[in-house]
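K.L.:
The letter at position 70 of the sequence shown is residue 70 when you use UniProt numbering, and the numbering goes up by one with no holes. Positions of the beta carbon are idealized from the N, C-alpha and C atoms, including for glycine.
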Amino acid sequence: MYGWGKCEGVCRVCRVCRVWADNAIASVSPLLLIENKALNIVCNYTNQEGQHVMVEWKWFKEEVPYDSFTPEDKQRITRDSKDGSLFISKANKNDIGKWRCEDPKNPQSFTKIIVRSKPWMYMFEEFQKTNYKSANIVEGQRFHLKCEVMEDYRTDATIEWFMYNESDHLNPNKEMKVLQPTVESSDGTEPHIKISRVNNSLQYLTIEKVEPTDRYYYVCIADNGVSTVNNTILLRVKDKLGALWPFLGIVAEVVILCTIIFIYEKRRIKPDFDDTEDNNTEPKGTQDRSGKSQDVRQRK
C-alpha cells in the first residue's frame with residue numbers, strides 16, 4: 001500500500017513530493033543549476049527505521065531513462081557506483097527539468113527532483129545601454145517597461161513588479177511596494193501606474209504621463225521557486241522647461257554682451273566727435289593761404 005505524503009517545496013510552488021511504499025525515499029529539495037558548472041543529484045534511501053539503504057538507482061529525465069541517453073550525455077552525466085547518484089560534469093540548460101530516481105526492485109518507491117536554473121530575463125529593451133539602471137524622462141512623457149523571462153528559462157517562472165523610494169536603495173526590502181496587475185475598472189478609468197499581464201513570464205509597466213512624484217526605483221522580479229532574478233531601474237523625471245534653461249541662459253549672455261558693447265562704443269565715439277569740432281574752429285586775425293589781409297600787430 002502506498003500513497004502521496006507531505007509535499008515540500010520552496011517559496012509558493014510545490015516542488016518535491018515523497019511516495020511511501022514498503023520503504024520510503026527521503027524528500028529532496030529543488031536544485032539550482034548553474035550552467036557550465038558541476039551538479040550532483042542524489043537520492044537518499046531510508047527504510048521505515050530511518051536507516052540508510054544503498055540502492056543502485058534507476059534514473060529518468062522527463063521520463064526518459066538514463067540508458068536511453070546519448071553517448072555524449074552519458075560521457076557528461078555519470079552514475080556513482082557507491083551511492084547511485086548522478087554527477088553532471090558540465091551542466092547546461094538541457095539538464096533543467098524533472099529528474100526521477102526509483103528503486104528497480106520497487107518502482108512504486110521513487111523521488112522526483114526538480115532542477116532549475118535562474119529565471120534569466122531580458123534587459124529592459126528601451127534602455128539596453130550601459131546606463132540602463134536609470135532613465136531620464138521629461139515630465140508629461142510616457143514611461144514604458146517590458147519585463148520578460150527568456151524562453152529557455154520560463155518553466156514555473158512568475159513575474160512581480162515592485163517600487164521603492166530612492167532613499168531606501170541600500171535597503172529596498174524595507175519599504176518595497178507591490179504593484180499588482182491592473183484590473184479594468186467599471187468606470188473605464190485607469191490607474192496612474194498600469195501593470196499589464198500577458199502571461200506568467202511577460203508583463204508590462206506603463207505610466208502614460210510621468211510626474212515629478214514618480215521618481216522611484218522600479219523592480220521586476222522573476223521567481224521560479226528555486227531562484228530569483230530582477231531588473232531594476234531608477235526613473236528620473238525632468239522638468240518640462242528643463243531643456244529650455246540652457247538656451248535661455250545663452251540668449252541672456254548674448255543680450256548682456258551686446259549691451260556692454262553698445263554702451264562702450266557709444267562712450268568712445270563721443271570724445272572723437274568733440275575733437276573734430278575743435279580742429280575745425282580757426283582763430284580770428286590770421287591770414288589764410290589765399291593771401292587775404294589779416295590784422296597784424298607791428299612795433300612802432
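Mind checking who Thr78 pairs with in its DSSP beta bridge?
P.N.:
Taking the sequence shown and counting its residues from 1, one reaches residue 78 at position 78. Paired residue(s): Phe87.
K.L.:
Helix, strand or coil: how does DSSP classify Lys266 here?
P.N.:
Numbered from its first residue, the sequence shown carries residue 266 at position 266. Looking at Lys266 - three-state DSSP - the assignment turns out to be helix.
K.L.:
Report all residues from its chain with a CB closer than 8 Å to the CB of Ala38; omit the five preceding and five following residues, and keep chain order.
P.N.:
Taking the first residue of the sequence shown as position 1, residue 38 is located at position 38. Counting only Cβ-Cβ distances below 8 Å, and skipping sequence neighbours, we find Phe87, Ile88, Ser89, Lys90, Ala91.
K.L.:
Starting from Thr228, follow the beta strand (DSSP E) in both directions and report where the run begins and ends.
P.N.:
Numbered from 1 along the sequence shown, position 228 holds the residue referred to as residue 228. From DSSP, the beta strand (DSSP E) with Thr228 extends over 228-238.
K.L.:
Considering just the uninterrupted stretch of the beta strand (DSSP E) at Thr70, what are its terminal residues?
P.N.:
As a working mapping, residue 70 is identified with position 70 in the sequence shown. Taken as a continuous stretch (DSSP letters only), Thr70 belongs to no beta strand (DSSP E), as it is neither H nor E.
K.L.:
Taking 8 Å as the cut-off, does the stretch 101-115 touch the stretch 52-70 (at least 3 CB pairs, one atom from each stretch)?
P.N.:
As far as the Cβ criterion goes, the stretch 52-70 touches the stretch 101-115, which means the pair count is three or higher.
K.L.:
Just the C-alpha distance for Leu241 and Met121, rounded to the nearest angstrom, thanks.
P.N.:
Position 241 of the sequence shown, counted from the start, is the residue given in the question as residue 241. Position 121 of the sequence shown, counted from the start, is the residue given in the question as residue 121. So the alpha carbons of these two residues sit roughly 36 Å apart.
K.L.:
Given Ser196, which residues of its chain have a CB within under 6 Å of its CB, disregarding the five upstream and five downstream residues?
P.N.:
Here residue 196 is taken as the residue at index 196 of the sequence shown, counted from 1. Cβ within range, chain order: Tyr204.
K.L.:
Expressed to the nearest angstrom, what Euclidean distance is found between the alpha-carbon atoms of Val42 and Met150?
P.N.:
Position 42 of the sequence shown holds residue 42. Position 150 of the sequence shown holds residue 150. Near 28 Å, if we compare the C-alpha coordinates of Met150 and Val42.
K.L.:
Under the assumption that Asp223 contacts Pro119 (Cβ atoms under 8 Å), give the Cβ distance between them as a whole number of angstroms.
P.N.:
Within the sequence shown, numbered from 1, the residue matching residue 223 stands at position 223. Within the sequence shown, numbered from 1, the residue matching residue 119 stands at position 119. Their Cβ separation, rounded to whole angstroms, is 7 Å, which keeps Asp223 and Pro119 in contact under 8 Å.
K.L.:
Checking the sheet assignment: what are the DSSP bridge partners for Gln203?
P.N.:
Within the sequence shown, the letter at position 203 stands for residue 203. Answer is Cys147, Arg197, bridged to Gln203.
K.L.:
Please classify Cys220: does DSSP put it in a helix, a strand, or coil?
P.N.:
As a position in the sequence shown, residue 220 is number 220, starting the count at 1. Correct three-state label for Cys220: strand.
K.L.:
Can you say whether Val115 is buried or exposed, counting buried as having 16 or more other CB atoms within 10 angstroms of its CB?
P.N.:
For the purposes of this step, residue 115 is identified with residue 115 of the sequence shown, where counting begins at 1. It counts as buried.
K.L.:
Whose CA, out of Gly249, Asn44, Thr70, lies closest to the CA of Lys82?
P.N.:
Translated into positions along the sequence shown, residue 82 becomes position 82. Of Gly249, Asn44, Thr70, the residue nearest in Cα terms is Asn44.
K.L.:
Use the C-beta contact count for Trp245: other C-beta atoms within 10 angstroms, 16 or more gives buried, fewer gives exposed.
P.N.:
Mapped onto the sequence shown, residue 245 falls at position 245. It is exposed - the Cβ of Trp245 has fewer than 16 other Cβ atoms within 10 Å.
K.L.:
Rounded to whole angstroms, what's the CA-CA distance from Thr182 to Thr111? Just pull it up for me.
P.N.:
Numbered from 1 along the sequence shown, position 182 holds the residue referred to as residue 182. Numbered from 1 along the sequence shown, position 111 holds the residue referred to as residue 111. Distance between the alpha carbons of Thr182 and Thr111 is about 40 Å.
K.L.:
Distance check for Asn230 and Tyr153, CA to CA, integer angstroms please.
P.N.:
In the sequence shown, residue 153 corresponds to position 153, counting from 1. In the sequence shown, residue 230 corresponds to position 230, counting from 1. Whole-angstrom Cα-Cα distance: 14 Å.
K.L.:
As a quick exercise: from Asp214, Glu190, Glu125, pick the residue whose alpha carbon is nearest that of Gly140.
P.N.:
Taking the first residue of the sequence shown as position 1, residue 140 is located at position 140. The shortest Cα separation from Gly140 among Asp214, Glu190, Glu125 belongs to Asp214.
K.L.:
Determine the direct distance from the alpha carbon of Gly249 to that of residue 311, and round the result to whole angstroms.
P.N.:
Nothing in the structure corresponds to residue 311, since the chain is present only between 1 and 300.
K.L.:
Measuring alpha carbon to alpha carbon, tell me which residue in Asp73, Leu33, Pro71, Gly97 is nearest Glu63.
P.N.:
In the sequence shown, counting from the first residue as 1, residue 63 sits at position 63. If we check each option's Cα against that of Glu63, Gly97 comes out closest.
K.L.:
Sort Ile207, Asp156, Asn136, Thr189 by Cα distance to Lys146 and report the nearest one.
P.N.:
Residue numbering aside, residue 146 sits at position 146 when the sequence shown is read from its first letter. Among Ile207, Asp156, Asn136, Thr189, the Cα nearest to that of Lys146 belongs to Ile207.
K.L.:
What are the boundary residues of the beta strand (DSSP E) that includes Phe60?
P.N.:
The residue you call residue 60 lines up with position 60 of the sequence shown. That run of the beta strand (DSSP E) goes 58-61.
K.L.:
Between Glu35 and the rest of its own chain, which residues show a CB-CB distance below 8 Å, the 5 nearest in sequence each way excluded?
P.N.:
Within the sequence shown, residue 35 is the residue found at index 35, counting from 1. Closer than 8 Å at the Cβ level, and outside the excluded window around Glu35, lie Ala91, Asn92, Lys93, Ser117.
K.L.:
Let me check one thing: in DSSP terms, what residues is Cys101 bridge-paired to?
P.N.:
Residue numbering aside, residue 101 sits at position 101 when the sequence shown is read from its first letter. For Cys101, which the question treats as bridged, DSSP gives the partners Trp59, Thr111.
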